[in-house]
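Numbering (the numbering used here), first residue to last: 48 to 337.
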């Protein structure tokens with residue numbers, strides 16, 4: 048059984064004049080799905096849920112940071128790509144809101160993390176310049192693109208995930224890969240400071256890793272079952288040992304600090320196409336690859 052969605056008729060009309068087109072999905076989640084939907088594993092399921100908790104407010108922050116500079120962009124293609132970026136991120140926030148509500152119904156305190164993230168981003172908006180906010184968006188977009196393309200290139204990463212949950216993560220990965228260069232291009236066009244870009248990545252890396260651990264703890268601290276320490280040990284091995292998915296991102300991460308770095312230097316179109324075909328098949332949505 049696959050994820051439940053509202054099926055839409057194929058629509059070829061573009062909402063902007065670029066290749067970055069939002070896809071409306073309208074996911075719903077089967078109540079019979081377990082709390083630990085990823086390989087029936089407490090650590091994996093809670094870790095990805097904690098990331099999902101940050102997505103709705105995080106992606107709204109991304110949109111605001113890019114939109115601040117939108118009116119000053121002269122390049123016609125980039126202006127259209129920004130429209131696609133904003134549309135995709137808006138859908139991502141909405142769909143992960145729905146997922147987070149579903150997990151709240153399973154006894155996972157997702158609203159607590161969501162509120163914490165919202166307050167934190169409000170504080171950042173007050174103390175950070177628009178240029179720094181855009182640089183932080185670029186850094187976090189690089190993290191999401193790395194994770195997305197790891198999923199697209201290595202389908203075994205999500206082996207064991209409940210098949211009804213796969214479409215959400217696959218769709219999100221495809222679109223994160225599609226628009227991975229947009230915020231970066233806006234930054235280069237409007238700010239173009241290597242120091243701001245690289246230093247903000249360093250700060251953001253510490254924040255990203257620290258807050259991921261903290262949000263995982265926030266969820267587990269208020270759940271009603273004991274911690275599965277075997278799952279935790281296996282999870283750290285999964286991330287850092289064998290296969291060591293997080294460790295494998297090292298080269299892509301370091302590349303961001305090169306002066307001539309650009310997200311599009313890695314062409315992932317073939318990975319997205321393969322994933323779209325799988326997604327369309329799982330969901331009975333041939334329009335996704337039309």
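Backbone N, C-alpha and C define an ideal beta-carbon position, used for all residues, glycine too. Note that the coordinates shown come from a computational prediction; the quantities given were computed from them, not determined experimentally.
Check	Outcome
Looking only at its own chain, which residues have a Cβ that is under 7 Å from the Cβ of residue 107, when we skip the five neighbours before and after it?	140
Using the DSSP secondary-structure output, state which residues sit across from residue 96 in a beta bridge.	In the DSSP output, where bridge partners are listed per residue, residue 96 has none listed.
Under three-state DSSP, which class holds residue 101?	helix
With distance defined between alpha-carbon atoms, name the residue in 289, 189, 332 and 98 nearest to residue 155.	98
Taking contact to mean at least 3 C-beta pairs separated by less than 8 Å, is the stretch 64-77 in contact with the stretch 88-102?	no
So, is residue 227 buried or exposed, given that buried needs 16 or more other C-beta atoms within 10 angstroms?	buried
Across which residues does DSSP place residue 191 in a beta bridge pair?	Paired residues: none, contrary to the question.
Verify whether the separation of the beta carbon atoms of residue 212 and residue 292 is less than 8 Å.	no
Under the three-state reduction of DSSP, which class applies to residue 76: helix, strand or coil?	coil
Within 10 Å of its beta-carbon, does residue 274 have 16 or more other beta-carbons around it, so buried, or fewer, so exposed?	exposed
Using DSSP with H/G/I as helix, E/B as strand and the rest coil, what is residue 85?	strand
Please classify residue 319 as buried or exposed, where buried requires at least 16 neighbouring CB atoms within 10 angstroms.	buried
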